[in-house]
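**Q**
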Amino acid sequence: MFREKGFWKRERVDDALKRLLGRIKALEIEEADVYNLTNRVLAEDIVAGFDIPPFDRAAMDGYAVKAEDTFGASVSNPIMLELAGSVEIGQVPEVKVEQGKAVRIVTGAMMPEGANAVVMLEHTRVNGNFIEILKAVTPLKNVSRRGEDIKEGEVVLRKGEILQPQDAGVIASLGIERVRVYRKPRVAVITTGNELAEVGEKIEGAKIYNSNNPMICNALLEFGFEAISLGIAKDSVEEIRNKICKALRFDAVVITGGTSVGSRDLVPEVVEEMGELVFHGVSMKPGMPTAAGLVDGKPIFMLPGSPAAALLGFYTFTIPALYRMMNVKIVARKWSRQRGILQGRVPSELGVRGNVRVLWEDGKVYPIRISGSGVLSSFVRANALLVVPEEREGYEEGEEVEVTLLRDVTEVFE
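At position 234 of the sequence shown the residue is numbered 234 (the UniProt record's numbering), and the sequence of numbers has no breaks.
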């Protein structure tokens with residue numbers, strides 16, 4: 001038997017979502033350690049307390065030299081420099097580079113006093129206690145300067161960033177053990193329906209397995225949220241109310257099934273009785289019977305029983321609302337492709353695929369780093385990757401290019 005009420009008034013999806021987000025408040029702030037930051041939303045700016053690197057260091061394996069000592073060197077006219085010692089990574093150099101001398105050095109090692117360049121190993125030849133320099137270098141060649149990656153006082157990460165593994169690396173490099181983040185919502189998941197049986201039970205007659213609950217729990221895990229399954233609620237006001245009461249121990253509730261117009265579609269009226277309905281019925285197919293409400297200030301997402309409609313409603317309403325509880329709005333999703341106008345020339349070597357770290361912002365693409373595998377901050381400053389195919393020698397400023405987002409692009413709710 002049906003109640004014959006139907007959906008005489010359906011809200012536009014964007015209007016319903018805007019109204020829902022306007023009713024949700026951010027959760028409290030807590031601290032998280034640097035080993036558990038992925039998918040957490042930053043609640044403070046991260047400011048560098050010192051330069052990175054904190055000293056000039058070699059960017060290549062080779063020999064630390066005075067660049068002026070190499071001028072004019074070539075394969076046909078090698079310049080001989082006396083080997084004065086070596087420097088290993090993590091070691092403070094005890095040797096000084098004087099005129100006419102060279103010091104063996106490895107990538108990442110501190111530059112010794114007196115040296116201002118590194119000759120790559122492949123451009124040298126050992127000759128007893130002397131090194132033959134086969135190619136000249138200019139001052140600062142193959143040297144990573146102090147503060148080249150991050151400068152003291154620089155805002156490295158801003159409030160509202162959804163933290164990624166590379167962010168944890170940069171935060172750790174600054175010696176920061178714990179940071180302030182918004183607490184992640186813990187979400188209870190309920191499925192309604194007399195016809196349902198839990199996976200693993202023996203089913204008979206017209207029973208079917210409860211597939212929505214595992215689906216929604218895994219969809220929550222996909223975004224890093226904690227999912228707590230509360231199982232099945234039968235189609236009765238009392239049982240649905242009891243399940244919701246248990247679910248209110250958590251931060252938000254997702255209920256699938258019981259949202260349409262049949263005599264057993266009881267979920268919206270129970271929620272309205274316990275709190276309020278923000279909306280019920282949206283102009284969306286599949287998913288028209290989607291609803292949302294608040295009970296004790298906690299959002300209740302009511303999704304249709306049809307799995308496809310439930311998942312669509314989940315991504316359309318539940319995910320934006322859960323991020324609102326962490327004080328951010330997703331503008332563009334990680335791994336999506338975006339187009340934009342290049343704001344600077346990007347060179348690339350023919351025959352080699354270039355992976356250029358860029359910032360995509362409002363339809364514009366800003367090159368951040370062309371090269372430099374050791375400069376981790378470039379993966380923090382950048383939010384996208386521009387791939388230059390092997391058959392191209394780069395892109396010119398003003399060209400329209402396609403980039404792949406490396407992180408979610410967010411806006412902070414104030």
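In this text, a Cβ means the ideal position worked out from N, Cα and C, and glycines have one as well.
Since this is a predicted model, take the numbers as computed values, not measurements.
Please tell me whether residue 157 and residue 33 are closer than 8 angstroms, where the distance is taken between their beta carbons.
**A** no
**Q** Report the rounded CA-to-CA distance for residue 16 versus residue 184, giving the unit in angstroms.
**A** Straight-line Cα distance between these residues: approximately 23 angstroms.
**Q** Per the DSSP calculation, residue 144 is bridged to which residue(s)?
**A** 57
**Q** Short check: CB of residue 388 to CB of residue 348, under 8 angstroms?
**A** By the CB criterion at 8 angstroms, residue 388 and residue 348 fall inside the cutoff.
**Q** Roughly how far, in whole angstroms, is the beta-carbon of residue 313 from the beta-carbon of residue 287, given that I think they are within contact range, below 8 angstroms?
**A** 5 angstroms
**Q** CB residue 449 to CB residue 247, shorter than 8 angstroms?
**A** Shown here, the chain extends from 1 to 414; a query on residue 449 therefore has no answer.
**Q** For residue 361 and residue 73, I'd like the C-alpha separation in whole angstroms.
**A** Answer to the nearest angstrom: the Cα atoms are 46 angstroms apart.
**Q** Quick check on the DSSP output: what are the complete alpha helix (DSSP H) runs of length 4 or more inside the stretch 9-90, in order along the chain?
**A** 13-23
**Q** Once DSSP output is grouped into helix, strand and coil, what is the label at residue 134?
**A** coil
**Q** According to DSSP, which residues form a beta bridge with residue 180?
**A** 31
**Q** Would you mind working out which of 20, 368, 26, 90 sits nearest residue 412, comparing C-alpha positions?
**A** Looking at the Cα atoms, 26 is the closest of the given residues.
**Q** Tell me whether residue 281 is buried or exposed, calling it buried when 16 or more other Cβ atoms sit within 10 Å of its Cβ.
**A** buried
**Q** Assign residue 357 to one of three DSSP states: helix, strand, or coil.
**A** strand
**Q** Taking only three categories from DSSP, how would you classify residue 171?
**A** helix
**Q** In its own chain, which residues sit with a C-beta less than 6 angstroms from the C-beta of residue 50, not counting the 5 before and 5 after it?
**A** Once the five neighbours on either side are set aside, the close Cβ partners of residue 50 are 152.
**Q** Tell me which same chain residues have a C-beta within less than 7 angstroms of the C-beta of residue 295, skipping the five on either side of it?
**A** 244, 248, 271, 274, 275
**Q** Mark residue 400 as exposed unless 16 or more other C-beta atoms lie within 10 angstroms of its C-beta, in which case mark it buried.
**A** exposed
**Q** What does the alpha-carbon distance come out to for the pair residue 343 and residue 75?
**A** 40 angstroms
**Q** Return helix, strand or coil for residue 223, following the three-state DSSP convention.
**A** coil
**Q** Can we say the stretch 168-188 touches the stretch 56-73, given the rule of at least three CB pairs closer than 8 angstroms?
**A** Too few Cβ pairs lie closer than 8 angstroms, so no.
**Q** Could you check whether the stretch 92-102 touches the stretch 60-73, counting it as contact only if at least three pairs of C-beta atoms, one from each stretch, sit closer than 8 angstroms?
**A** Counting Cβ pairs under 8 angstroms, three or more are found: they touch.
**Q** Can you tell which of 395, 390, 132 has the C-alpha that lies nearest to the C-alpha of residue 80?
**A** It is 132 whose Cα lies nearest to the Cα of residue 80.
**Q** What is the DSSP secondary structure of residue 367, counted as helix, strand or coil?
**A** strand
**Q** List the endpoints of the continuous alpha helix (DSSP H) containing residue 270.
**A** 267-274
**Q** Using a 10 Å radius around the Cβ and a threshold of 16 neighbouring Cβ atoms, would you call residue 386 buried or exposed?
**A** Buried, by the Cβ-count rule.
**Q** Determine the direct distance from the alpha carbon of residue 299 to that of residue 24, and round the result to whole angstroms.
**A** 7 angstroms
**Q** Can the beta-carbon of residue 253 be found less than 8 angstroms from the beta-carbon of residue 317?
**A** no
**Q** As a quick exercise: from 251, 350, 107, pick the residue whose alpha carbon is nearest that of residue 394.
**A** 350
**Q** When the Cα of residue 409 is compared with those of 22, 21, 11, 39, which residue comes out closest?
**A** 39
**Q** Going straight from the alpha carbon of residue 60 to that of residue 121, what length do you get?
**A** 8 angstroms
**Q** What alpha helix (DSSP H) runs, 4 residues minimum, are completely inside the stretch 203-252?
**A** 212-222, 237-247
**Q** Using the Cα positions of residue 172 and residue 35, report the straight-line distance between them to the nearest angstrom.
**A** Answer to the nearest angstrom: the Cα atoms are 9 angstroms apart.
**Q** Counting beta carbon pairs with one atom in the stretch 230-239 and one in the stretch 255-271, are three or more of them shorter than 8 angstroms?
**A** yes
**Q** Would you identify the three-state DSSP class for residue 317, choosing helix, strand or coil?
**A** helix
**Q** Specify the secondary structure class of residue 196 as computed by DSSP and reduced to three states.
**A** strand
**Q** Near residue 147, which residues of its chain fall below 6 angstroms by C-beta distance, leaving aside the five closest residues on each side in sequence?
**A** So the qualifying residues of the chain are 51.
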